[in-house]
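For reference, the structure is listed below as structure tokens.
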Amino acid sequence: MTEKAKQAGGEISIRHAKKSFRIEGRTLEVLGDIDLTIEAGDIVSIIGASGCGKSTLLRLIAGLDFPDGGEVRIGGKKVEKPSVNVGVLFQESRLLPWDTTEKNIAFGLPEKFPRDQKKKLVAEYMHLVGLDGFEKALPSQLSGGMQKRVAIARTLINRPGVLLLDEPFGALDAFTRMNLQEEIIRIRKQERMTTVLVTHDIDEAIYMGNKVIIMSAKPGVISKVIRVELPEPRRRTSGDFALLRARVFREFYGEQELPEEYSI
403 MTEKAKQAGG EISIRHAKKS FRIEGRTLEV LGDIDLTIEA GDIVSIIGAS GCGKSTLLRL
463 IAGLDFPDGG EVRIGGKKVE KPSVNVGVLF QESRLLPWDT TEKNIAFGLP EKFPRDQKKK
523 LVAEYMHLVG LDGFEKALPS QLSGGMQKRV AIARTLINRP GVLLLDEPFG ALDAFTRMNL
583 QEEIIRIRKQ ERMTTVLVTH DIDEAIYMGN KVIIMSAKPG VISKVIRVEL PEPRRRTSGD
643 FALLRARVFR EFYGEQELPE EYSI
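Encoded structure:
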């Protein structure tokens with residue numbers, strides 16, 4: 403890896419960010435006053451009910467949309483447009499069905515990138531995500547988990563300092579999802595990326611994040627930040643994990659009765 407790849411990703415600073423949309427002649431306030439700092443190289447998880455603005459907040463960080471008020475900065479620089487320094491992984495893999503694995507991964511690189519360097523870099527990232535031997539495979543010939551690995555490699559090939567994950571494993575089976583969670587944890591530590599994960603899965607939020615940020619809706623605001631102080635590697639079956647899971651559930655859902663799987 404290059405020295406650039408070994409440097410920690412930039413700090414994300416969100417100051418008084420607000421966002422509204424016009425829908426059928428009325429204004430819908432999606433994000434209220436969002437104030438948040440994510441330290442360089444850290445990973446945080448964001449959970450909240452559907453419609454609370456989680457994905458909208460991610461789009462503001464990515465430069466895919468812009469706040470009506472306030473600002474977003476990465477590494478001290480105001481976010482005003484998308485950047486190769488910010489990689490986004492969506493729930494859908496969004497692969498080109500007519501292209502091979504290596505071509506789908508290379509699609510993330512600038513068009514004028516030197517061919518020999520492109521080939522070397524694609525091979526490096528195929529190895530990083532465990533796809534050696536599938537260079538010529540089409541998406542239709544890959545499992546859902548393998549397609550997601552292609553999408554991960556394509557997202558990472560520009561070596562972004564910031565990685566944004568918008569429910570990337572939501573459509574996968576539990577076993578594949580846990581395997582890819584481990585892959586992302588391993589890769590982001592190696593690349594030292596500042597990472598933001600949006601998820602509906604409380605276990606995933608705790609397992610992957612150093613902080614769990616809980617958002618409430620109408621408008622979307624940060625209602626609670628819970629620090630995850632569990633030893634690594636984390637164990638989903640540990641008593642401390644179960645206690646934290648129950649705490650996050652109560653903060654998220656209130657004092658309603660815990661489902662059996664959240665009981666201690």
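Under the working numbering, think of the first position of the sequence shown as 403, with each following residue one higher. For each residue, glycine too, the CB sits at the ideal point set by N, CA and C.
Output needed for glutamine 658: all residues of its chain with C-beta closer than 8 Å, excluding positions within five of it in sequence on either side, in chain order. Mapped onto the sequence shown, residue 658 falls at position 256. Residue confidence is low: glutamine 658 scores 49 on pLDDT, short of 50, so the model does not pin down where it sits. Its coordinate-derived value is still stated next. Within the same chain, no residue comes within 8 Å of glutamine 658 by CB-CB distance, once the 5 residues on both sides are set aside.
What are the boundary residues of the alpha helix (DSSP H) that includes phenylalanine 742? Missing from the structure shown is residue 742; the chain here goes from 403 to 666 and no further.
DSSP bridge partner residues for phenylalanine 423 (one or two, in chain order): Locating residue 423 in the sequence shown gives position 21, counting from the first residue. Bridge partners of phenylalanine 423 according to DSSP: Leu430.
Ends of the alpha helix (DSSP H) at leucine 463? Residue 463 sits at position 61 when you count from the first residue of the sequence shown. Checking the sequence, you will find isoleucine at residue 463 rather than leucine. It spans 456-464 - the alpha helix (DSSP H) in which isoleucine 463 sits, taken as one unbroken run.
Member of Ile628, Gly532, Leu466 whose CA lies at the smallest distance from the CA of arginine 357: There is simply no residue 357 to check, as the chain begins at 403 and stops at 666 in what is shown.
For the beta strand (DSSP E) that arginine 629 lies in, which residues bound it at each end? Start at 1 with the first residue of the sequence shown, and residue 629 comes out as number 227. Note, arginine 629: beta strand (DSSP E), 623-629.
Using the three-state DSSP reduction, which class does leucine 498 fall into: helix, strand or coil? The residue you call residue 498 lines up with position 96 of the sequence shown. In the three-state scheme derived from DSSP, where H, G and I count as helix and E and B as strand, leucine 498 is classed as coil.
Whole-angstrom C-beta distance between isoleucine 440 and threonine 596, which should lie under 8 Å: Start at 1 with the first residue of the sequence shown, and residue 596 comes out as number 194. Start at 1 with the first residue of the sequence shown, and residue 440 comes out as number 38. A Cβ-Cβ distance of about 6 Å is found for the pair threonine 596 and isoleucine 440, placing them in contact under the 8 Å criterion.
Put lysine 408 into one of helix, strand or coil per three-state DSSP. As a first step, residue 408 is located in the sequence shown; it is residue number 6 there, counting from the start. Because lysine 408 carries a pLDDT of 47, less than 50, the predicted location of this residue cannot be relied on, and the following value inherits that uncertainty. Assignment of lysine 408 by DSSP, reduced to helix, strand and coil, places it in the helix class.
What residue range is occupied by the uninterrupted beta strand (DSSP E) comprising lysine 613? Locating residue 613 in the sequence shown gives position 211, counting from the first residue. Lysine 613 -> beta strand (DSSP E) spans 613-618.
So for glycine 563, helix, strand or coil by DSSP? Within the sequence shown, residue 563 is the residue found at index 161, counting from 1. If DSSP states are grouped into helix, strand and coil, glycine 563 belongs with coil.
For glutamate 426 and glycine 390, the rounded distance between their alpha carbons: This structure cannot settle anything about residue 390, because the visible part of the chain is limited to 403 through 666.
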